[in-house]
């Protein structure tokens, strides 16, 4: 990841942070911008070579730029990490929610797929065989 | 012959690989706080989440076992116990089953108070113009009992509902009879300032099992400042009413709520001490609602959310000291959030539900027959904003109310799981969506979380509560547990212990 920190001396100071999309996806970058949008105008520019630059310009005079660059970088990395967790767990999350609500009477039809727990189910004295009807 | 034990690996085989279960994380005071779909949490060292996604965590560490036990990971030796986790998630979302539970009847808009922050009241003695008719009450009851909820609450509101006491007398026996016919249980509550409550009215409430909820904003100077009425004696009437109501209905059937105005901010200790002096055992430190007339008078009553948060934190510290001194006083918002954080249960508190509790868990039947998704949405209607008017009791049934354009638009913005800013939030399982608040304050039901007072309040309060959990002081956590469970304080929780 390449990062760049520029403090402009022009009338409208801003900070520029640069990211490689190998590390932080555009989605994670936009989520980070969302949380900075209270105090900053965020301008995102893709260079077409796998990098994006984010320019952060204070919305109001008097907003300190100190620490903003590092804070933005850290939060972007956290969103990238969250994205990896979400990707790795998306299928099992869908399964869990389907299972939770299929037994609640909220859904009219049973969702497709297996809802047993394969590891537990394979045991001859598994908890499911003791607790459930099948 | 010496006998040896089997090696440790026989009892606890070392897993070759593990898989993640869904969770979210945030950072709190140098730790990572991981929260799973069921709201179970764990404080872990910095870098834990990265180690998990990189599969670089020590599978023989205590942290690994804790993560496994709390449904953050599973491996070939443990299984995901999907059914158990799914059951926990279902329990957390219990509020979506069996709606609508709370039904608010606005029997009149008339009121003899002129509170600065009031959203709806009308100062008029002209009976009829702002009163609910019997026909409207009958239709409202019919609609109410179309709801599938097996247990319902009917709450009388105003204005000042005591000014339409004859209508309350009309509705109560009919509601009870209908509940009995349909095999439902029914709670009855009247929200009143008690200024006009006679002993005869209170005796009727006792005989019919109607509970009283009243307003007490603090000591006399503050209460009377917030709640002006002819004679400037709102406080004196409220105290007199509370005492008479307790004498007739029983102490436990009279509750009080306060509203935090600009004038309240510097007096949190006095407000809390007033509740102790009046022998209440609960207090709800509530910010002012940004609806209705409160918007018009916000220069007089309003404030920034960060000032309320300071007020809340100071208040909570004082309340904890009072509990340590032996007097049990629970702060309701804290109690609700700790119930969501520390137990498998959700709560019935509409503002902190996702899908949002509006309509699903509360319906408001206005004096003129209009049906609203919540008390706040009828307050908006008093400002000519009818966005959340679902229909009218004289034209609609439950199906048409819930299939109305107003309802469907609101439902789309009702799940924090899919809202920008909330979908990745570690506190999602404890928080709500509140599309009505965001419509009222930001002109957008989906809302903009970075500038949302709702988000700021809940983020800060939940973080504050997690700081207590992280500190894990047995006395303080014992007090919170007494609030959650309703048990008395124990010796461990008292300052002299």
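Residue numbers (our numbering), protein chains in the order written: chain A, 1 to 134; chain B, 135 to 631.
Every residue, glycine too, gets a C-beta built ideally from N, C-alpha and C.
None of the values given here were measured: they were computed from a predicted structure.
### Query
residue 187 of chain B CB to nearest chain C CB: under 7 Å?
The structure shown contains no chain C; its protein chains are A and B.
### Task
Could you confirm whether any beta carbon from chain B is found closer than 7 Å to the beta carbon of residue 5 of chain A?
If you number the first chain from 1, residue 5 of chain A lands on position 5. Any reading at residue 5 of chain A is ruled out, since the residue's pLDDT is 45, under 50, leaving its predicted position unreliable.
#### Entry: Proximity test, Cβ basis, 7 Å: residue 81 of chain A and chain B
For the purposes of this step, residue 81 of chain A is identified with residue 81 of the first chain, where counting begins at 1. With 7 Å as the cut-off, residue 81 of chain A counts as an interface residue toward chain B.
### Query
Got a sec: is the Cβ-Cβ distance from residue 412 of chain B to anything in chain A below 7 Å?
Locating residue 412 of chain B in the second chain gives position 278, counting from the first residue. It does not; no Cβ of chain A falls within 7 Å.
### Message
Which of the three DSSP states is assigned to residue 165 of chain B in this structure?
### Response
Numbered from its first residue, the second chain carries residue 165 of chain B at position 31. Residue 165 of chain B falls in the strand class under three-state DSSP.
### Message
I'd like to know if residue 93 of chain A contacts chain B, where contact means its C-beta is closer than 7 Å to some C-beta of that chain.
### Response
Along the first chain, read from residue 1 onward, the residue named residue 93 of chain A stands at position 93. With 7 Å as the cut-off, residue 93 of chain A counts as an interface residue toward chain B.
### Message
Just to confirm, is the Cβ distance from residue 238 of chain B to residue 180 of chain B under 7 Å?
### Response
Within the second chain, residue 238 of chain B is the residue found at index 104, counting from 1. Within the second chain, residue 180 of chain B is the residue found at index 46, counting from 1. The answer is no: Cβ separation not under 7 Å.
### Task
Closer than 7 Å by C-beta to residue 59 of chain A: which residues in its own chain qualify, once you throw out the five before and the five after it? Chain order, please.
Here residue 59 of chain A corresponds to residue number 59 of the first chain, with the count starting at 1. If we look at residue 59 of chain A and ignore the five residues flanking it on each side, its Cβ neighbours are 39, 40 and 41.
### Query
List, in order along the chain, the chain B residues whose C-beta lies closer than 9 Å to that of residue 37 of chain A?
Position 37 of the first chain holds residue 37 of chain A. Going along chain B in sequence order, the residues near residue 37 of chain A (Cβ under 9 Å) are 582, 584 and 585.
### Task
Give a yes or no on whether 7 Å exceeds the smallest Cβ distance from residue 96 of chain A to chain B.
Counting from one through the first chain, the residue named residue 96 of chain A turns up at place 96. Yes, because at least one Cβ of chain B sits closer than 7 Å to the Cβ of residue 96 of chain A.
### Query
Using DSSP with H/G/I as helix, E/B as strand and the rest coil, what is residue 179 of chain B?
Here the question's residue 179 of chain B lines up with position 45 in the second chain. Residue 179 of chain B: strand per DSSP, three-state reduction.
### Interface partners of residue 63 of chain A on chain B, CB under 9 Å
The residue given as residue 63 of chain A occupies position 63 in the first chain. Simply none; closest approach about 13 Å.
### Task
Kindly give me the distance between the Cβ atoms of residue 344 of chain B and residue 402 of chain B, rounded to whole angstroms, as I take these residues to be in contact under 8 Å.
Within the second chain, the letter at position 210 stands for residue 344 of chain B. Within the second chain, the letter at position 268 stands for residue 402 of chain B. Between residue 402 of chain B and residue 344 of chain B the Cβ distance is about 32 Å, and since that is not below 8 Å, they are no contact.
### Query
Going along chain A, which residues have a C-beta under 7 Å from residue 171 of chain B?
Position 37 of the second chain holds residue 171 of chain B. Here the neighbours are 93 and 96.
### Message
Quick check on residue 460 of chain B: buried or exposed, where buried means 16 or more other Cβ atoms within 10 Å of its Cβ?
### Response
Stepping through the second chain from its first residue, residue 460 of chain B is reached at position 326. Result: exposed.
### Query
Do the CB positions of residue 445 of chain B and residue 399 of chain B come within less than 7 Å of each other?
As a first step, residue 445 of chain B is located in the second chain; it is residue number 311 there, counting from the start. As a first step, residue 399 of chain B is located in the second chain; it is residue number 265 there, counting from the start. Yes.
### Query
What in chain A is Cβ-close to residue 183 of chain B, meaning under 8 Å?
In the second chain, residue 183 of chain B corresponds to position 49, counting from 1. Within 8 Å Cβ-Cβ: 81 and 85.
### Rounded C-alpha distance that separates residue 102 of chain A from residue 542 of chain B
Along the first chain, one-based indexing puts residue 102 of chain A at 102. Along the second chain, one-based indexing puts residue 542 of chain B at 408. For residue 102 of chain A and residue 542 of chain B, the distance between alpha carbons rounds to 23 Å.
### Task
Given a cut-off of 7 Å, decide if residue 538 of chain B and residue 522 of chain B are closer than it, judged by their beta-carbon atoms.
As a first step, residue 522 of chain B is located in the second chain; it is residue number 388 there, counting from the start. As a first step, residue 538 of chain B is located in the second chain; it is residue number 404 there, counting from the start. No, they are not a contact pair.
### Residue-level contact to chain B via CB, residue 100 of chain A, 7 Å cutoff
Start at 1 with the first residue of the first chain, and residue 100 of chain A comes out as number 100. Judged by the 7 Å Cβ criterion, residue 100 of chain A is in contact with chain B.
### Query
Any idea if residue 385 of chain B is buried or exposed, counting beta-carbon neighbours within 10 angstroms, 16 or more meaning buried?
Within the second chain, residue 385 of chain B is the residue found at index 251, counting from 1. Exposed: under 16 other Cβ atoms inside 10 Å.
### Message
Just to confirm the assignment: which complete alpha helix (DSSP H) runs, minimum length 4, are found wholly within the stretch 56-110 of chain A?
### Response
68-102
### Message
Can you check whether the C-beta of residue 558 of chain B is within less than 7 Å of a C-beta belonging to chain A?
### Response
Mapped onto the second chain, residue 558 of chain B falls at position 424. Yes, its Cβ sits closer than 7 Å to a Cβ of chain A.
### Query
Given 8 Å as the limit, is there contact between the stretch 562-573 of chain B and the stretch 469-485 of chain B, that is, 3 or more CB pairs closer than that?
yes
### Message
Which residue wins for smallest C-alpha separation from residue 173 of chain B, given the options B/351, B/517, B/585 and B/471?
### Response
The sequence position of residue 173 of chain B within the second chain is 39, counting from 1. Nearest C-alpha to residue 173 of chain B: B/471.
### Query
So, is residue 142 of chain B buried or exposed, given that buried needs 16 or more other C-beta atoms within 10 angstroms?
Position 8 of the second chain, counting from 1, holds the residue named residue 142 of chain B. Exposed is the call here.
### Query
Do you know offhand how far residue 378 of chain B's Cα is from residue 528 of chain B's?
Within the second chain, numbered from 1, the residue matching residue 378 of chain B stands at position 244. Within the second chain, numbered from 1, the residue matching residue 528 of chain B stands at position 394. Going from the Cα of residue 378 of chain B to the Cα of residue 528 of chain B covers about 38 Å.
### Query
If you draw a straight line from the alpha carbon of residue 324 of chain B to that of residue 397 of chain B, how long is it in whole angstroms?
Taking the first residue of the second chain as 1, we reach residue 324 of chain B at position 190. Taking the first residue of the second chain as 1, we reach residue 397 of chain B at position 263. If I take the Cα positions, the gap works out to 27 Å.
### Message
Measuring straight from C-alpha to C-alpha, what distance separates residue 48 of chain A and residue 61 of chain A?
### Response
Sequence index remark: in the first chain, residue 48 of chain A carries index 48 (1-based). Sequence index remark: in the first chain, residue 61 of chain A carries index 61 (1-based). In a straight line, the C-alpha of residue 48 of chain A is about 33 Å away from that of residue 61 of chain A.
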